[in-house]
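The structure under discussion appears below in the form of C-alpha cells.
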Amino acid sequence: MHSSVRLLDMQTAFHQIFEKPTTPAAQVLYHIRQSPRIGRGELVTATGLSQPTITRAVIALTTAGLLQERRDLINTTRPGRPVVPLELTTWPGLLIGIAVDVDDCIIGCYDFRGRLLREVHVAEAAPEHPVSDVLEYIMAAIHRIKGEVPMPLRSISLGVASPHWTDLSWIKHRLEFEFSVPAIAANAAASIAIAEVQQNRNQANVFVLFDENSTSAAWITENAIISTSEIRTVDEWLRYIINGPRPSSVLFSGTGFSDPQVRTRIRSLLNTELGTEVQLRVTRPELETLRTISAALAMSPLQADPLKLAREASRASNRAAKSSVASEKSSR
C-alpha cells in the first residue's frame with residue numbers, strides 16, 4: 001500500500017458527470033417508464049411528492065410533449081374517482097450512447113421510449129489508432145445514423161474504459177461542436193455508476209472503482225454521479241477511501257477484480273480499516289457489457305432532466321427554422 005498517497009479533496013477533485021432523476025418531472029417520468037399507464041394518485045404514492053407537485057410535473061411534461069393522458073383508457077368499472085392513465089408520447093428524439101473499450105466501440109441509438117433503433121460497431125477503435133482518429137470514425141458513424149433515422153439528434157453520451165482516452169473534456173466539447181447537441185464524456189467508473197443508478201436510483205454514498213484496461217473512480221451521491229480525472233492505482237484509491245470520505249458501499253467493476261484472491265485481499269483490508277458496516281460488492285456481469293453501458297449512457301440525459309432536454313430540443317428546432325427561413329430569403 002502507498003501510505004504517502006496525497007489524499008484527494010472530494011470537493012475539488014471530483015466533478016459532476018451525471019444528474020440523478022431528483023426533480024419532480026424526472027421522478028414522474030422515471031415511474032411512468034417503470035409502470036406504464038400509471039395514474040396521478042399512484043405517482044403520489046410512488047414518489048412521496050404532494051398531489052399539487054405531481055400535477056405541476058405532469059402538466060410540464062405534457063406541455064413539453066413528453067407525456068400524454070389516455071382518457072380513452074379510463075376504467076369506469078373501478079369504484080371511486082376514475083383514474084386517467086398517463087403514457088409516454090412518441091417524442092421525436094434520437095439519443096445516442098457510446099461505449100468505448102480498448103479495442104471495441106459500440107454506438108447505440110435509442111428513441112425516447114428506450115427502444116434500440118440502430119447499433120453500430122466501430123472496428124477502428126483499436127489501440128494502434130490515435131484517439132483523435134477513432135473519434136472521427138465515431139462521428140462519421142453518427143452522421144450516417146442521422147441520415148438513416150428520420151429523427152432529430154437530441155444528445156450524445158460517451159463512456160470510455162481505455163487508458164488512451166484521457167482528455168474527456170476535449171472529447172465532450174468536440175462532440176458538442178460537431179453535432180450542436182448536449183454531450184457527456186465519462187470514464188468507465190462513472191459509466192458503470194449510471195447503469196447502477198438506472199437499476200436503483202436510491203443508491204447514495206457509493207464509491208465505484210473500475211479496474212480493467214484502465215483504472216478509474218466515481219461516487220454515486222444523493223443527487224448525482226461525480227467523477228475525477230485523477231489517475232491512481234487500485235491500492236491508491238483504496239487508501240483514499242480508508243483515509244478520506246467513508247462510503248456506505250464500495251462497488252468493484254472490471255476484470256481486475258475477477259481473481260478471488262484479489263477480492264479476498266481487498267475485502268480483508270477494507271473490513272479491517274473501515275469495519276464490516278461498509279458494504280462491498282462486485283458489479284453484476286450484465287451491467288458491464290458495452291451494449292448495456294451504451295444504453296444506460298444514451299438514456300441518462302433524458303432521465304436526469306427531461307424538461308431541460310426538451311427545452312434544448314425546442315431551441316434547436318427554432319434555430320433550424322430561422323436558419324431555413326433565412327436561407328430561403330437569401331436564395332430569392
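In this text, residue positions in the sequence shown follow full-length UniProt numbering: the first is 1, and each later residue adds one. Where is the CB? At the ideal position from N, CA and C, for every residue including glycine. Quantities reported herein were computed from a predicted structural model and do not represent experimental measurements.
C-beta atoms of residue i and residue j nearer than 7 Å
i      : j      : result
Leu117 : Leu153 : no
Asp101 : Ala161 : yes
Residues of its chain near residue i, where Cβ-Cβ distance is below 6 Å and the 5 sequence neighbours each way are ignored
i      : result
Val5   : Low per-residue confidence applies at Val5: pLDDT is 34, beneath 50, and the placement is therefore not dependable enough to give any value.
Thr22  : Asn223
Val44  : Gln51 and Ile54
Leu175 : Ile156 and Ala183
Ser216 : Asn187, Ala188, Ala189 and Phe210
Reduced DSSP category for residue i - H, G, I as helix; E, B as strand; rest coil
i      : result
Ile74  : coil
Leu117 : strand
Ala99  : strand
Ser3   : With a pLDDT of only 33 at Ser3, under the threshold of 50, the placement of this residue in the model should not be trusted; the figure read from the coordinates follows. Coil at Ser3, not helix or strand.
Glu312 : helix
Glu128 : coil
Arg319 : helix
Thr83  : First, the amino acid is wrong: residue 83 is Val here, not Thr. Coil.
Ser155 : strand
Pro301 : helix
Residues near residue i by beta carbon distance below 8 Å, same chain, minus five either side
i      : result
His15  : Ile226, Ser227 and Thr228
Gln279 : Ser248, Ser249 and Val250
Val262 : Gly256
Leu309 : Gly93, Arg154, Ser155, Pro182, Pro301 and Leu302
Per DSSP, the bridge partner or partners of residue i
i      : result
Asp211 : Thr215
Gln261 : BP columns for Gln261 are empty, so no partner.
Ile231 : For Ile231, which the question treats as bridged, DSSP gives no partner whatsoever.
Asn187 : Val160
Ala224 : Glu19
Glu286 : Answer by DSSP bridge pairing: none, since Glu286 is not bridged.
Gly108 : Gly97 and Glu119
Val206 : Ile220 and Ser249
Element boundaries [beta strand (DSSP E), containing residue i]
i      : result
Gln279 : Gln279 to Val282
Ser132 : Premise fails: Ser132 lies in the alpha helix (DSSP H), Val131 to Glu148, not in any beta strand (DSSP E).
Phe252 : Ser249 to Ser253
Gly93  : Element bounds for Gly93: n/a, residue is neither H nor E.
First and last residue of the uninterrupted alpha helix (DSSP H) at residue i
i           : result
Glu178      : Leu168 to Phe179
Leu67       : Segment Leu67 to Glu69 is the beta strand (DSSP E) holding Leu67; no alpha helix (DSSP H) there.
Val122      : Note, Val122: premise wrong, no alpha helix (DSSP H); not H, not E.
Gly41       : Arg40 to Thr47
residue 338 : A query on residue 338 cannot be resolved here, the shown segment of the chain reaching from 1 to 332 and no further.
Cutoff 7 Å; reference residue i; Cβ partners in own chain excluding five residues on either side
i      : result
Thr53  : Pro24
Val120 : Ile107, Ala141 and Ile145
Val149 : Leu94, Cys109, Leu117 and Arg118
Glu273 : Ile242
Gln11  : Model confidence at Gln11 stands at a pLDDT of 40, short of 50, so the residue's coordinates are unreliable and nothing is read from them.
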